[in-house]
Ligand SMILES: NC(=O)c1ccc[n+]([C@@H]2O[C@H](COP(=O)([O-])OP(=O)(O)OC[C@H]3O[C@@H](n4cnc5c(N)ncnc54)[C@H](OP(=O)(O)O)[C@@H]3O)[C@@H](O)[C@H]2O)c1
Ligand SMILES: NC(=O)c1ccc[n+]([C@@H]2O[C@H](COP(=O)([O-])OP(=O)(O)OC[C@H]3O[C@@H](n4cnc5c(N)ncnc54)[C@H](OP(=O)(O)O)[C@@H]3O)[C@@H](O)[C@H]2O)c1
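Chains as they are written, first to last, in this note's numbering: chain A, 20 to 503; chain B, 20 to 503; chain C, 122 to 242; chain D, 122 to 242.
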């Protein structure tokens with residue numbers, strides 16, 4: 020409340036820059052500029068914060084100490100962030116985003132805790148401040164907002180950590196936690212949460228309640244995320260992203276600062292929208308994702324499905340088939356990212372095109388482990404944007420395709436989604452590669468994809484399996500074509 | 020500032036309803052609901068205003084008087100508004116909207132004046148209020164906002180009145196005011212405006228300056244609108260609509276009320292967007308519209324264009340041509356509205372369809388005197404929505420059209436827009452009726468349309484003129500087909 | 122070392138800022154708050170309206186015109202507060218005009234939109 | 122006549138409202154103001170983001186993630202105000218975490234987007 024008006028003006032400018040950033044980030048051509056403008060807005064907001072009367076007051080009283088403190092924290096945090104961002108492999112972007120997201124939630128919860136500690140300190144003692152005492156009144160904006168920030172922040176932190184673990188495929192997270200007891204545990208936590216929310220709102224000065232509430236939030240972050248199947252993780256990350264925004268907005272109510280409220284709610288809204296768009300792309304309901312997990316559907320055993328029907332082929336054989344092909348569609352999946360085969364694939368497509376063959380890439384919206392994952396990888400390898408075709412666009416053309424080369428994709432080309440209503444991925448729109456004259460599937464084994472289910476495509480009459488690591492397979496294949 | 024918080028909450032609810040209303044009003048299916056929700060929001064805002072502490076204080080001090088006053092004003096205003104809205108003929112909607120818009124601007128200017136008078140009264144006298152004195156300080160928010168409200172409000176009022184006069188085709192407004200002296204007059208007014216703005220901001224308590232500023236605004240409303248050609252009036256109305264919103268928003272800064280600010284800026288933004296969309300549809304630049312007028316381009320004389328080339332036909336002859344037609348496109352224009360021929364046209368299309376002929380309507384975006392004018396009229400006559408085709412949609416089909424019946428349209432089918440770069444309507448996209456096998460033009464004479472220029476279409480080889488009042492012409496034609 | 126001067130300068134800059142008088146602080150902060158609301162609402166307006174179909178322009182113009190009559194709220198309050206004779210008279214006029222705009226605007230829009238409604242009979 | 126009672130009742134209702142104590146008025150009004158900003162910004166967010174092309178989801182998620190690190194503003198202030206030891210320590214942690222989020226988020230987004238840029242070499 021007590022801040023010089025021009026600081027508020029700077030915050031307002033930062034808020035507007037954030038909106039502009041969002042606007043630009045949602046267009047393919049302008050996204051880079053949007054990101055830069057977002058960063059500029061952040062710089063303005065942070066600079067303005069340094070001139071906050073509370074900060075200037077502390078500097079006037081204590082000299083450079085406060086500045087050294089925040090400088091140190093910013094340097095440490097900034098370097099960790101920059102290092103992570105620059106070092107983490109591109110295939111691991113989803114995990115990285117989840118982790119950063121968790122840190123944002125943690126920061127909001129900690130801000131609420133710090134504000135609470137400082138306000139309690141200011142309300143007591145000799146020079147007790149009336150404003151601080153008013154903040155600590157039952158059901159004050161400060162109290163309610165503090166409680167919500169702590170809860171959402173904790174939930175975001177641990178939810179994100181779990182998502183990180185699952186996406187990083189740490190073995191502790193390999194299996195979704197489907198113990199039916201979890202419903203009881205969650206119910207108990209929900210009751211505790213409500214009770215503690217009320218307690219913090221009624222008596223904000225009891226910091227113990229606050230931290231207990233944060234702990235409940237953290238636990239809920241785990242128990243709610245663990246049952247969700249890995250295939251649904253991108254949805255969860257978007258949702259957690261939204262939560263981290265809401266936590267920042269709630270922190271804005273704690274410190275009565277509109278830039279936090281605006282930026283936080285922008286993020287909150289965009290996260291919700293992205294979540295909805297993504298659910299639609301995977302043909303799942305949000306509620307289903309959040310509470311369903313992958314359920315207990317009986318999953319057909321791979322051995323039954325594949326028994327005796329698998330035809331495998333080597334590079335030379337496939338090269339011969341490709342020589343007669345006029346149109347080839349390449350279908351990349353998560354395996355492409357694992358094998359880092361994007362450059363190899365690009366070369367293959369160049370070679371095929373040089374021989375007069377038409378080559379296109381079919382991009383499934385949830386191929387990989389993050390929406391847009393394949394686009395990022397293939398763009399890295401300089402594949403022309405026009406050749407990346409979206410699902411609805413390219414599906415009708417498979418019937419006129421001579422060879423579909425599936426590289427490390429599995430669930431997104433699983434015809435069971437179309438044919439088997441009891442399948443866990445039933446109803447998910449898939450790429451209809453099985454309609455192509457010949458299907459070549461490059462993968463290392465018959466092991467299932469993310470959803471953990473067998474794929475009848477591998478046993479189809481027109482399918483040839485090409486067992487090898489993705490990159491090696493494609494390099495060999497390219498060589499075979501060039502020598503053949 | 021001194022208002023009970025729940026009133027602010029009601030204002031907030033009203034603001035959100037306004038946003039929802041705008042959202043719904045921009046979809047064809049939901050527009051009616053949007054309008055109703057907007058009205059509900061307004062009701063809430065007005066009801067909340069009755070509980071404003073200033074009002075309740077006055078009621079506590081003076082009994083029912085204040086309520087009777089506002090009740091009387093609301094009743095008078097409401098009944099005038101309702102009567103106008105219900106009585107005014109549908110063809111006159113554009114004028115009606117312009118008029119209502121002017122009243123909105125006037126109201127905002129008057130609110131600013133009233134607030135100023137009351138504040139000056141409160142700042143003086145025995146029980147001088149410090150808050151009122153602060154409001155009257157130089158360059159206070161109150162002073163600046165009051166000045167802007169008065170200026171924009173006055174400009175909106177008189178600009179709208181001029182637009183009304185032009186659209187109503189009052190003879191005083193028949194010719195655009197193109198006296199070159201007007202630039203000097205406007206420059207003088209602009210200087211006076213700036214000087215008075217500064218004067219009001221520096222000394223808000225001098226009410227004389229304020230009213231002088233309002234007068235300058237009113238004059239500018241006239242001098243800026245009068246030179247603009249009637250054909251550009253819809254753009255002007257949209258722009259004035261935007262101004263009335265901005266005036267309301269500025270009034271919100273005067274009385275420190277966020278519902279005025281939010282609703283006003285919504286209207287301001289939407290008006291600007293509509294203006295831009297409309298300029299694009301007419302292929303004109305906004306600056307050109309505002310400062311260009313129709314210019315002094317030498318306009319070809321009608322007699323030269325038409326000399327000896329006009330072929331006119333009677334109902335029976337046209338009926339015979341229509342009997343052999345498989346596809347007929349009806350092109351309505353402003354004359355349809357004047358003749359109120361929409362029902363007759365609908366009947367004609369029914370009769371033609373009953374004989375197995377395909378009938379469609381080609382709707383030019385600026386046909387009539389208001390965007391959407393033709394849609395409203397034809398919808399009134401129950402023409403199915405699917406049959407109303409937009410320009411870009413239907414233009415390619417004229418080559419396969421046997422007969423194009425142009426009813427009271429002129430400028431929107433004038434091929435000079437395509438062929439004559441010196442024409443005042445050069446570059447405006449038009450309906451390519453001249454590509455149809457036969458063109459029948461229904462109008463009363465060879466007099467020009469809104470832009471005041473001759474139309475080479477009338478002299479084309481494949482054009483037949485059918486001179487008569489629109490409604491009578493169509494009724495006769497229908498009768499001729501049925502008897503023929 | 123000149124680089125060492127930077128923190129010192131920043132420290133004293135910030136410390137001096139603290140000593141600045143907070144003149145007119147509240148009034149201006151209030152303005153920034155309203156400005157925030159104004160800019161956000163403008164943005165919402167821009168976003169919501171872009172891409173209206175052409176045929177809805179007329180009803181949208183008249184509907185938004187009705188909403189701009191929200192100035193009635195200010196008119197009501199200034200009239201009913203009876204703070205000065207001039208204010209009350211002007212307020213009375215303002216209320217009347219605003220209500221013409223509000224009622225006329227919503228009714229005329231409803232009338233127009235009804236024509237789009239196929240089930241009107 | 123019962124209809125005549127209405128205005129009388131309204132008058133006394135309004136008159137009584139005036140006498141209500143304005144308890145907590147400022148605090149709650151402040152809340153409503155922030156709530157207004159919150160709702161408007163949410164709306165802007167919804168409008169701006171709908172219909173992002175699929176392939177921008179990842180950079181958009183990470184970019185918006187970076188913006189949610191705006192909580193750094195609050196963290197900085199509470200740390201540097203040195204109001205209590207616990208507050209400063211917690212604030213220090215909060216600042217660190219927030220800056221990881223901010224810097225990491227923007228850098229990673231820039232890195233991703235660079236890959237979409239055809240002129241990158
Ligand atoms: N994009 C998103 O937003 C997102 C995020 C998270 C989860 N998901 C889920 O992830 C799945 C994505 O489907 P997807 O078809 O892309 O992938 P997938 O179903 O997970 O299948 C990946 C396949 O790649 C193969 N593979 C792994 N490493 C390889 C290597 N080095 N060389 C060659 N092949 C390799 C694997 O088989 P081998 O082990 O036999 O080689 C596996 O069958 C869907 O279930 C989706 O719902 C999507
Ligand atoms: N839609 C908008 O937003 C809007 C708004 C304002 C202005 N404008 C401008 O208005 C023009 C619209 O073009 P338009 O082609 O629709 O109309 P127009 O060019 O104004 O022509 C109208 C024609 O209708 C004829 N007419 C009038 N009364 C008639 C009756 N009772 N029976 C039969 N015919 C009658 C007139 O000729 P006779 O007198 O010989 O019968 C005239 O040629 C454009 O210049 C446009 O820019 C558009």
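Glycine residues also receive a C-beta, built at the ideal position from the N, C-alpha and C atoms.
Checklist entry - Which one or two residues does DSSP pair with residue 346 (chain B) in a beta bridge? => result Numbered from 1 along the second chain, position 327 holds the residue referred to as residue 346 (chain B). Beta-bridge pairing links residue 346 (chain B) to B:377.
Item to check | Run of the alpha helix (DSSP H) containing residue 399 (chain A), from where it starts to where it stops | outcome: In the first chain, the residue the question calls residue 399 (chain A) occupies position 380. Counting along the chain, the unbroken alpha helix (DSSP H) around residue 399 (chain A) starts and ends at 392-399.
Item to check | Residue-chain proximity (residue 270 (chain B), chain C), Cβ-Cβ < 8 Å | outcome: For the purposes of this step, residue 270 (chain B) is taken as residue 251 along the second chain, with counting starting at 1. It does; some Cβ of chain C falls within 8 Å.
Checklist entry - residue 157 (chain D) CB to nearest chain C CB: under 8 Å? => result Reading the fourth chain from its first residue, position 36 is the one you call residue 157 (chain D). Judged by the 8 Å Cβ criterion, residue 157 (chain D) is in contact with chain C.
Checklist entry - Can the beta-carbon of residue 67 (chain A) be found less than 8 Å from the beta-carbon of residue 99 (chain A)? => result Taking the first chain and counting its residues from 1, one reaches residue 67 (chain A) at position 48. Taking the first chain and counting its residues from 1, one reaches residue 99 (chain A) at position 80. Contact flag unset, no.
Checklist entry - Going by C-alpha distance, which of A:299, A:233, A:497, A:235 is nearest residue 253 (chain A)? => result Start at 1 with the first residue of the first chain, and residue 253 (chain A) comes out as number 234. The residue with the shortest Cα to Cα distance from residue 253 (chain A) is A:299.
Next on the checklist: Please list the terminal residues of the continuous beta strand (DSSP E) segment that includes residue 478 (chain A).
Outcome noted: Residue mapping note: residue 478 (chain A) aligns to position 459 of the first chain, counting from 1. Bounds of any beta strand (DSSP E) do not take in residue 478 (chain A), whose DSSP letter is neither H nor E.
Checklist entry - For residue 227 (chain A), does the count of other Cβ atoms within 10 angstroms reach 16, so buried, or fall short, so exposed? => result Within the first chain, residue 227 (chain A) is the residue found at index 208, counting from 1. Counting the other CB atoms within 10 Å of its CB gives residue 227 (chain A) a total below 16, which places it among the exposed residues.
Checklist entry - Under a three-way DSSP split, which group does residue 34 (chain B) fall into? => result For the purposes of this step, residue 34 (chain B) is identified with residue 15 of the second chain, where counting begins at 1. Residue 34 (chain B): helix per DSSP, three-state reduction.
Item to check | Length-filtered (4 minimum) alpha helix (DSSP H) runs lying within the region 132-217 of chain A | outcome: Fully enclosed alpha helix (DSSP H) runs of 4 or longer: 149-154, 160-186.
Item to check | Below-8 Å beta-carbon distance, residue 153 (chain C) vs any chain B residue | outcome: Translated into positions along the third chain, residue 153 (chain C) becomes position 32. Taking Cβ atoms only, chain B never reaches closer than 8 Å to residue 153 (chain C), which makes this a no.
Next on the checklist: So with CB distances below 8 Å, who are the chain D contacts of residue 162 (chain C)?
Outcome noted: Mapped onto the third chain, residue 162 (chain C) falls at position 41. For the C-beta of residue 162 (chain C), the chain D residues within less than 8 Å are, from N- to C-terminus, 161.
Checklist entry - Does the beta carbon of residue 143 (chain D) come closer than 8 Å to any beta carbon on chain A? => result Translated into positions along the fourth chain, residue 143 (chain D) becomes position 22. Any answer about residue 143 (chain D) is weak, because its pLDDT of 44 lies below 50 and its placement is not dependable; what the coordinates show is given next. No, no contact with chain A.
Checklist entry - Since residue 423 (chain B) and residue 348 (chain B) are thought to touch, with beta carbons under 8 Å apart, how far apart are those beta carbons, to the nearest angstrom? => result Here residue 423 (chain B) refers to the residue found at position 404 when the second chain is read from its first residue. Here residue 348 (chain B) refers to the residue found at position 329 when the second chain is read from its first residue. Between residue 348 (chain B) and residue 423 (chain B) the Cβ distance is about 5 Å, and since that is below 8 Å, they are a contact.
Item to check | Interface flag, residue 146 (chain C) vs chain A, CB-CB below 8 Å | outcome: On the third chain, residue 146 (chain C) is found 25 positions in, with the first residue counted as 1. Because residue 146 (chain C) sits at a pLDDT of 49, beneath the cut-off of 50, its placement in the model cannot be relied upon, and the following sentence gives the value as read from the coordinates. Interface annotation, residue 146 (chain C): in contact with chain A, CB-CB separation under 8 Å.
Next on the checklist: For residue 257 (chain A), which residues in the same chain have their Cβ closer than 7 Å to its Cβ, ignoring the five residues on either side in sequence?
Outcome noted: Position 238 of the first chain, counted from the first residue, corresponds to residue 257 (chain A). So the qualifying residues of the chain are 290, 293, 294, 297.
Item to check | residue 192 (chain D): contacting residues in chain B (beta-carbon distance under 7 Å) | outcome: Against the fourth chain, residue 192 (chain D) aligns to sequence position 71. Close partners of residue 192 (chain D) in chain B (Cβ separation under 7 Å) are lacking, with about 25 Å as the shortest Cβ gap.
Checklist entry - What residues from chain C crowd round residue 37 (chain B), counting only those whose CB sits closer than 7 Å? => result The residue you call residue 37 (chain B) lines up with position 18 of the second chain. Per Cβ cutoff of 7 Å: 188.
Checklist entry - Just to confirm, are residue 131 (chain B) and residue 270 (chain B) a CB contact at a threshold of 8 Å? => result Here the question's residue 131 (chain B) lines up with position 112 in the second chain. Here the question's residue 270 (chain B) lines up with position 251 in the second chain. Yes.
Checklist entry - Can we count residue 458 (chain A) as close to ligand 1, meaning its CB is less than 7 Å from some heavy atom? => result Reading the first chain from its first residue, position 439 is the one you call residue 458 (chain A). Incorrect: residue 458 (chain A) has no Cβ contact closer than 7 Å to ligand 1.
Checklist entry - Among all the DSSP beta bridges, which residues are the ones paired with residue 485 (chain A)? => result Counting from one through the first chain, the residue named residue 485 (chain A) turns up at place 466. Answer is A:461, bridged to residue 485 (chain A).
Item to check | residue 425 (chain B) - containing beta strand (DSSP E), residue span | outcome: For the purposes of this step, residue 425 (chain B) is identified with residue 406 of the second chain, where counting begins at 1. Its beta strand (DSSP E) spans residues 422-426.
Next on the checklist: For the region 193-204 of chain C against the region 271-280 of chain B, do three or more pairs of beta-carbon atoms, one drawn from each stretch, fall closer than 8 Å, so that the two count as touching?
Outcome noted: Result yes; three or more Cβ-Cβ pairs closer than 8 Å.
Item to check | Cβ neighbour criterion (16 or more within 10 Å) applied to residue 228 (chain D) | outcome: Your numbering for residue 228 (chain D) matches position 107 in the fourth chain. Counting Cβ neighbours within 10 Å, residue 228 (chain D) comes out buried, since at least 16 surround it.
Item to check | Contacts that residue 413 (chain A) makes with chain D (C-beta to C-beta distance below 9 Å) | outcome: Sequence index remark: in the first chain, residue 413 (chain A) carries index 394 (1-based). Here the premise fails: no neighbours, minimum Cβ distance about 13 Å.
Item to check | Per-residue contacts from residue 149 (chain C) into chain A (C-beta, under 7 Å) | outcome: Within the third chain, residue 149 (chain C) is the residue found at index 28, counting from 1. 24, listed in chain order.
Item to check | Bridge-paired residues (DSSP) for residue 232 (chain D) | outcome: In the fourth chain, counting from the first residue as 1, residue 232 (chain D) sits at position 111. Answer is none; residue 232 (chain D) lacks a bridge partner.
Next on the checklist: Tell me which residues of the region 84-106 of chain B have at least one Cβ-Cβ distance to chain D shorter than 7 Å, keeping chain order.
Outcome noted: For the region 84-106 of chain B, the residues whose beta carbon sits under 7 Å from a beta carbon of chain D are, in order, 86.
Checklist entry - At a cut of 8 Å, does the region 41-52 of chain B reach the region 156-176 of chain C through at least three beta carbon pairs? => result With a cut-off of 8 Å on Cβ pairs, the region 41-52 of chain B is in contact with the region 156-176 of chain C, counting three or more such pairs.
Checklist entry - Quick one: what does DSSP say residue 466 (chain A) is sitting in, helix, strand or coil? => result The residue labelled residue 466 (chain A) in the question sits at position 447 within the first chain. Collapsing the DSSP output to three states places residue 466 (chain A) in coil.
Next on the checklist: Here's the rule I'm using: 16 or more other beta-carbon atoms within 10 Å means buried, otherwise exposed. How should residue 396 (chain B) be labelled?
Outcome noted: On the second chain, residue 396 (chain B) is found 377 positions in, with the first residue counted as 1. By the neighbour-count rule (16 or more Cβ atoms within 10 Å), residue 396 (chain B) is buried.
Checklist entry - Can you find a CB in chain D that lies within less than 8 Å of the CB of residue 173 (chain C)? => result In the third chain, the residue the question calls residue 173 (chain C) occupies position 52. Not closer than 8 Å to any Cβ of chain D, the Cβ of residue 173 (chain C) fails to qualify, so no.
Checklist entry - How is the alpha helix (DSSP H) around residue 299 (chain A) delimited, first residue to last? => result Taking the first residue of the first chain as position 1, residue 299 (chain A) is located at position 280. Its alpha helix (DSSP H) spans residues 277-300.
Checklist entry - In chain C, which residues lie less than 7 Å from residue 169 (chain D) when you measure between Cβ atoms? => result Looking up residue 169 (chain D) in the fourth chain gives position 48. Going along chain C in sequence order, the residues near residue 169 (chain D) (Cβ under 7 Å) are 168.
Next on the checklist: Is there a C-beta anywhere in chain C that falls below 8 Å from the one on residue 199 (chain D)?
Outcome noted: Stepping through the fourth chain from its first residue, residue 199 (chain D) is reached at position 78. Output row for residue 199 (chain D): interface = no.
Item to check | C-alpha distance - residue 461 (chain B) paired with residue 426 (chain B), whole-angstrom precision | outcome: Looking up residue 461 (chain B) in the second chain gives position 442. Looking up residue 426 (chain B) in the second chain gives position 407. If you take the alpha carbons of residue 461 (chain B) and residue 426 (chain B), they lie about 5 Å apart.
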